[in-house]
Amino acid sequence: MNAIDLRKRLALGAVAGLAVVGAVVGAGAYAAPETEAEPIDAVAVAEVQEEGVRGANALTHEAALAVLDAAQDKAAELGERVTVAVVDRNGNTIALVKGDGAGPQSPDSAEAKAYTAVSWGQATSDLAGAAEGEGATVADIPGTLFLAGGVPVVYDGAPIAGVGVGGAPSGDIDEEIALAGLAALADLEG
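This is the structure we're talking about:
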């Protein structure tokens with residue numbers, strides 16, 4: 601059975617299920633004549649041609665884990681307790697590790713820094729000035745954090761991921777740890 605046949609069967613099953621529910625609910629108010637319903641043709645999934653599709657680059661599972669390991673190694677070397685987060689191009693968390701003793705705020709901070717870095721394609725330390733000033737600023741955008749400690753992962757000139765670190769006593773230390781995680785990507789074998 602191919603995928604389209606399965607989709608047709610599922611669609612017909614859903615329609616039949618709704619008909620049964622409708623019949624049970626409406627049975628007290630109306631008795632429908634007993635007739636056999638005509639089957640409904642389900643709409644097939646649209647096939648998109650190559651011109652309508654854009655590819656996206658993303659970190660592999662192994663690459664994300666290498667970032668986490670290298671960053672946590674650097675944190676241990678510095679005697680810091682941090683959380684490290686890696687997000688994809690859309691800002692979705694794909695890897696996170698909360699180090700032993702890291703504060704309860706550190707996961708949120710690490711994710712927000714990683715999200716901010718990939719969103720703007722710049723280190724969060726370089727963006728801090730944009731978040732200052734009177735009135736509305738970029739700091740008002742939900743989910744962002746303009747403190748040092750977030751760095752973008754760039755491939756072929758475009759950001760594809762973000763690395764964020766939260767929990768050290770200063771953003772400079774968080775950024776040093778994030779950069780150590782980023783450096784691990786250069787050591788991966790293709």
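This note's numbering applies: residue 601 is where the sequence shown begins, and numbers increase by one.
Note that beta-carbon positions come from the ideal geometry of N, C-alpha and C, so glycine has one too.
Owing to the predicted nature of the structure, the values given are computational and were not obtained by experimental measurement.
- Message: Using the Cβ count rule (16 or more neighbours within 10 Å means buried), how would you classify Ser770?
- Response: The sequence position of residue 770 within the sequence shown is 170, counting from 1. Burial call: exposed.
- Item | For Ala792, the nearest candidate out of Ser725, Gly699, Ala666, Gly701 (CA to CA) | The requested residue 792 does not occur in the structure, where the chain is confined to residues 601 to 790.
- Quick one: residues in its chain with C-beta nearer than 8 Å to the C-beta of Gln722, no 5 flanking neighbours on either side, listed in chain order? If you number the sequence shown from 1, residue 722 lands on position 122. Excluding sequence neighbours, Gln722 sits near Pro752.
- Would the beta-carbon of Val697 fall within 7 Å of that of Gly762? The residue you call residue 697 lines up with position 97 of the sequence shown. The residue you call residue 762 lines up with position 162 of the sequence shown. Not in contact: Val697 and Gly762 (Cβ atoms no closer than 7 Å).
- Query: What number of angstroms, rounded off, separates the C-alpha of Ala786 from the C-alpha of Leu659?
  - Reply: In the sequence shown, counting from the first residue as 1, residue 786 sits at position 186. In the sequence shown, counting from the first residue as 1, residue 659 sits at position 59. So the two alpha carbons sit approximately 13 Å from each other.
- Message: Would you call the stretch 685-697 in contact with the stretch 726-742, where contact means no fewer than 3 C-beta pairs closer than 8 Å?
- Response: no
- Item | Start-to-end residues for the beta strand (DSSP E) that takes in Thr683 | Mapped onto the sequence shown, residue 683 falls at position 83. Looking at the DSSP string, the run of the beta strand (DSSP E) that includes Thr683 is 683-688.
- Between the CA atoms of Ala758 and Ala656 - distance to the nearest angstrom: Reading the sequence shown from its first residue, position 56 is the one you call residue 656. Reading the sequence shown from its first residue, position 158 is the one you call residue 758. One C-alpha to the other measures close to 10 Å.
- Message: Cutting at 7 Å between CB atoms, please list the residues of its own chain near Ser706, excluding the five before and the five after it.
- Response: For this step, residue 706 is matched to residue 106 along the sequence shown. Cβ within range, chain order: Val682, Thr683, Lys698, Gly766, Gly767.
- So which of Ile741, Glu711, Gln672 has the shortest CA-CA distance to Ala780? Numbered from 1 along the sequence shown, position 180 holds the residue referred to as residue 780. Cα-wise, what sits closest to Ala780 is Gln672.
- Task: Measure the beta-carbon distance from Glu806 to Gly749 and round it to whole angstroms, keeping in mind my assumption that it falls under 8 Å.
- Result: Residue 806 is absent from the structure shown; the chain starts at 601 and stops at 790.
- Message: So the candidates are Val754, Gly729, Val653, Lys713; which of them puts its Cα closest to the Cα of Thr744?
- Response: As a first step, residue 744 must be located in the sequence shown, where it is residue number 144. Closest by alpha carbon: Lys713.
- Task: Taking Pro552 as part of the beta strand (DSSP E), name the residues at either end of that continuous run.
- Result: The displayed coordinates of the chain run from 601 to 790. Any statement about residue 552 would go beyond what the structure contains.
- Message: Tell me the residue span of the alpha helix (DSSP H) that contains Ala730.
- Response: In the sequence shown, counting from the first residue as 1, residue 730 sits at position 130. Neither: Ala730 is in no alpha helix (DSSP H) and is coded neither H nor E.
- Query: Per DSSP, Ala758 is paired with what?
  - Reply: Within the sequence shown, residue 758 is the residue found at index 158, counting from 1. Its beta-bridge partners are Tyr755.
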